Amino acid sequence: MTATTNPAPAAARTAPIPTSMIERMTLVLDAFDDSTPSLSLVGLSERTGLPRSTVHRILDQMVRLRWLAHCQDGYCLGIRPLELGGLAAEHSQVREVVDPLLHELCGQTGLVAHLAVLDQREVVYLDRAGGRFAADLPTRMGGRMPAHATALGKAMLAGLDPKIVEANFRSRMATPTPNTVSDIDTLHRELARVRNRHGVAIDREEALAGVTCAAAPLPGHRSAPAAISLCGDARTMHPERYAHLVLHVAREASRALHPHRRRRAPSTSLGRPA
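According to our numbering, the residues represented by the sequence shown are 260 to 533, in order.
Laid out in structure tokens, this is it:
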């Protein structure tokens, strides 16, 4: 029986051999498909058009980093692509649920609303709803900011074990403005204050000069802690006034994402926005 050849890898063999490691790794990952979930070293070399010695070096690294795994017929996709695929799907679900709530927040307050997730020392923005102040903010979907400098980041970090925070922020911390928390002891004290405010975090020109924010986490979001925030001009916005509103919307979003979780009674100790 004659083996069939996937046309996409065949086309790759006639193209110039890429020089960057990322392009070469992508060629290797693209070599797998539904009809060939596993490939030998020779098969990968043929499909990618890369020299066998080069493929062997790349495979060693990709196995070590869990992009690929050894299997009976050679190599197959590892656990890391599955983890990232699941995470991307979960982020899409969170964004779909929270997006209308962000726009409602924006319309109600005239401020800028954000949704973000935590990636170790940084927050990654998943969504943003504009307001009259939006043009002055450099935030964008997929953009990153230091977690310790943002209300979003502090809201999520406060829910982690302090030992995890200690490990992630042991090295030098970025200081985008003179108001940014710059050492681990101060960060621990700040996160304790966030916990005492039922998870609401405040950013007073710590990430961006002239910008202040209030943020709250989405309870129950386990694999990648998420949070929402309201941001505005530091000259006119008093973030404490929006603490109850942000916390309420964050809990609404969590209930929509986790409808079978037991509902928590709303707190009455935080001031409502005037």
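From the three backbone atoms N, C-alpha and C, an ideal C-beta is built for every residue, glycine too.
Keep in mind the model is a prediction, meaning the values are calculated, not measured.
Restricting to Cα atoms, I'd like to know which of the options is closest to residue i.
i, options, result
"V376", "I276, P484, D319 and R448", "P484"
"V470", "G418, P518, A410 and P421", "A410"
"A600", "H517, A502 and T439", "Residue 600 falls outside the range modelled here, since the chain spans only 260 to 533, and no answer is possible."
"E282", "T313, G401, V301 and H507", "T313"
"E511", "A493, P478 and L489", "P478"
"F392", "P518, L489 and V453", "L489"
"E349", "Q331, L327 and L385", "L385"
"A545", "D395, G389 and I443", "The structure shown does not extend to residue 545, since the chain is modelled only from 260 through 533, so no value can be given for it."
Go ahead and pull the three-state DSSP assignment for residue i.
i, result
"D420", "coil"
"G469", "coil"
"L303", "helix"
"R231", "The structure shown does not extend to residue 231, since the chain is modelled only from 260 to 533, so the question has no answer here."
"L361", "helix"
"V287", "helix"
"H517", "coil"
"G366", "helix"
"A474", "strand"
"D395", "helix"
"A328", "strand"
"S240", "The requested residue 240 is not part of the displayed model; the chain covers only 260 to 533."
Got a sec, what are the start and stop residues for the alpha helix (DSSP H) residue i sits in?
i, result
"M404", "Not the alpha helix (DSSP H): M404 falls in the beta strand (DSSP E), residues R403 to P405."
"S312", "R311 to R323"
"E499", "Run containing E499: none; DSSP gives neither H nor E here."
"H447", "I443 to N455"
Which value, in whole angstroms, describes the spacing of the CA atoms of residue i and residue j?
i, j, result
"L374", "G491", "15 Å"
"P277", "R339", "23 Å"
"H362", "V371", "9 Å"
"A347", "R387", "17 Å"
"T445", "A451", "10 Å"
"G418", "T307", "45 Å"
"L516", "A414", "18 Å"
"E355", "V301", "43 Å"
"M565", "L303", "Residue 565 is absent from the model: the chain starts at 260 and stops at 533."
"R399", "R325", "30 Å"
"H329", "D378", "29 Å"
"G333", "G344", "23 Å"
"D420", "D358", "29 Å"
"A486", "P296", "37 Å"
"P532", "P498", "Only weak support exists for where P532 lies, its pLDDT of 43 falling under 50; the coordinates are left without a value."
"L364", "S441", "31 Å"
"M280", "S351", "28 Å"
"C335", "G401", "29 Å"
"N427", "A468", "25 Å"
"E425", "S294", "46 Å"
"M432", "E449", "15 Å"
"R514", "R316", "48 Å"
"P476", "D292", "38 Å"
Provide the residue span of the beta strand (DSSP E) that contains residue i, from first to last.
i, result
"A388", "E381 to A388"
"A485", "A485 to D492"
"V376", "V371 to D378"
"G333", "G333 to L336"
Notebook entry, point to check: Is it true that the stretch 306-322 meets the stretch 286-298, where meeting means three or more beta-carbon pairs spaced less than 8 Å apart?
Noted result: yes
Next item on the list: Please confirm if the stretch 447-461 is in contact with the stretch 488-506, defined as three or more CB-CB distances below 8 Å between the two stretches.
Entry: yes
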